[in-house]
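Beneath this line is the structure, given in structure tokens, with notes to follow.
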Amino acid sequence: MLSVRELYTEYPDKKGNVVKAAQDVGFEIPEGKLFTLLGPSGCGKTTTLRSIAGLERPKTGIISVNNTVVFSSSSNVFVAPNQRNFGMVFQSYAIWPHMSVFENAAFPLRVSRKRFTKQQIEDKVNRVLSVVALENFAEREATKLSGGQQQRLALARALVMEPKLLLLDEPLSNLDAKLREKMRFELKRLQRELNITTIYVTHDQQEALALSHQIALMQNGRIVQLGTPRDIYEKPASRFVADFVGTTSFLQATVKSRDTRSNEWVIDSEIGTIRMAGNEGLQPGDKITVSIRPENVRLLETADNSVPSDRLLEGTVSTKLFLGEFIDFQIDLGGTLLLARAHPSLRTPIGDRIFVDIDPEHCTLIHN
Ligand SMILES: Nc1ncnc2c1ncn2[C@@H]1O[C@H](COP(=O)(O)OP(=O)(O)OP(=O)(O)O)[C@@H](O)[C@H]1O
Ligand SMILES: [Mg+2]
């Protein structure tokens, strides 16, 4: 549906140097899918989105929608932003303060080149307002809405022209934590219901994991990994990805041997001997980095028979954070700290001995 290829967008800075904001960015989004650009501040997410919208003119690249080229540097095509028929919601969504909810949503129709009759406007606006559950607020002044309602209004305004593509730049960033979570569900439901192809920009990894069909993780203007939320989380391509998405412990280690019986690598690490499943072409002696997610570390107060004894490591509880639905433990294993996420019923005090079991299936090799 949307295809972006070899996109480079640069800005001049004050000293006359170039800021390489988007570098060789490329991806395809199938019809009806939600695609997320994720990454830290300054990595080029907004630049990429604005380039697609036509609000920036990329240096080179090709952008096409449903096989129609809207930008091509080599054939000198540049379709103006208002001709692209994309809906947009920006981080600082501007609600027109002195207009009613209805008039805010009707605004794009009123200023459009296409002429709409009064009846058409009424029908279209009522439809989008009911989609975002604001039909009972149509006459209210827009500023007299809550933050979440204003957010939904901004979305209604973006949807009213029935855009082919919806571009959302951190649309939930102005909301408090609770409302963000609720709006996440609503956005997901809306996007799936309307089946509208969407690009979503965020630096919030949880939001990206929760909403997306596909995620492109960006670093310094480039896409460093592209995949489903599960792929990105479970098979991070680099240390940067593993660190940015979720929490993890990195261990420096050396490959010791291959256990052909269990098909696991036996590994000497900072915290002791651990095992890693998988068939990566390693050799004994290889120096590697292993990533271990806290939810894949099991804590036991006593060494029972449920785990082979050579898989258990002994440590002490260094710190713990009570977070309601779980507790994050830091376990001291010979001077190295390992993160573990446990059920809140585990009450081992700080300083006490504890056993650690790491699932070999969830020990991830990191390519640096
Ligand atoms: N108009 C501009 N002129 C010069 N440099 C710019 C301009 N807009 C962005 N940049 C630079 O381009 C790079 C990418 O910026 P961009 O706004 O795309 O990042 P972002 O990923 O959206 O970050 P954030 O999460 O903070 O919104 C940054 O180094 C930024 O300083
Ligand atoms: Mg941005």
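Quick note, the sequence shown lines up with residues 2 to 369 if you use our numbering. We put the beta carbon where it would ideally sit given N, CA and C, even for glycine.
| Query | Result |
| --- | --- |
| beta-carbon valine 71 near ligand 1 non-hydrogen atom, thresh 6 Å | no |
| Through-space distance from leucine 38 to glutamine 220, alpha-carbon basis | 10 Å |
| When Arg6, Phe91, Arg128 and Gln215 are compared against valine 70, the one with the closest alpha-carbon | Arg6 |
| Contact under 7 Å by Cβ, leucine 283 with serine 270 | no |
| Element boundaries [beta strand (DSSP E), containing alanine 217] | 215–220 |
| Glutamate 140, DSSP secondary structure in three states | coil |
| Same chain, Cβ closer than 7 Å to leucine 322, neighbours up to 5 away in sequence not counted | Ile328 and Asp329 |
| Unbroken beta strand (DSSP E) run spanning arginine 312, endpoints | Counting along the chain, arginine 312 falls outside any beta strand (DSSP E), and DSSP gives it neither H nor E. |
| Span separating the alpha-carbon of arginine 116 from that of arginine 158 | 17 Å |
| Methionine 184 in three-state terms, based on DSSP | helix |
| Range of the contiguous beta strand (DSSP E) that encloses alanine 254 | 250–260 |
| Cβ neighbour criterion (16 or more within 10 Å) applied to glutamate 57 | buried |
| Pairwise C-alpha distance: asparagine 77 and lysine 16 | 29 Å |
| Closest residue to arginine 336 among Val318, Leu301, Leu347 and Pro350 (Cα-Cα distance) | Per the sequence shown, the amino acid found at residue 336 is glycine instead of arginine. Of Val318, Leu301, Leu347 and Pro350, the residue nearest in Cα terms is Val318. |
| For lysine 288, the first and last residue of its enclosing beta strand (DSSP E) | 288–293 |
| Under 5 Å, CB to nearest heavy atom of ligand 1: contacting residues | Tyr12, Val20, Ala22, Ser42, Gly43, Cys44, Gly45, Lys46, Thr47, Thr48 and His204 |
| Alanine 178 in three-state terms, based on DSSP | helix |
| Helix, strand or coil at phenylalanine 241 [DSSP, three-state] | helix |
| Uninterrupted alpha helix (DSSP H) stretches inside the stretch 74–155 (no shorter than 4 residues) | 102–112 and 119–132 |
| Reference glutamine 215, options Cys364, Gln226 and His363, closest by Cα | Gln226 |
| Completely contained alpha helix (DSSP H) runs for the stretch 9–65, where each covers 4 or more residues | 46–54 |
| Reference isoleucine 367; option with closest CA among Pro41, Glu140, Asp287 and Gly148 | Asp287 |
| The stretch 108–125 in contact with the stretch 186–197 per 3-pair CB rule at 8 Å | no |
| Extent of the continuous alpha helix (DSSP H) run through glutamate 208 | 206–212 |
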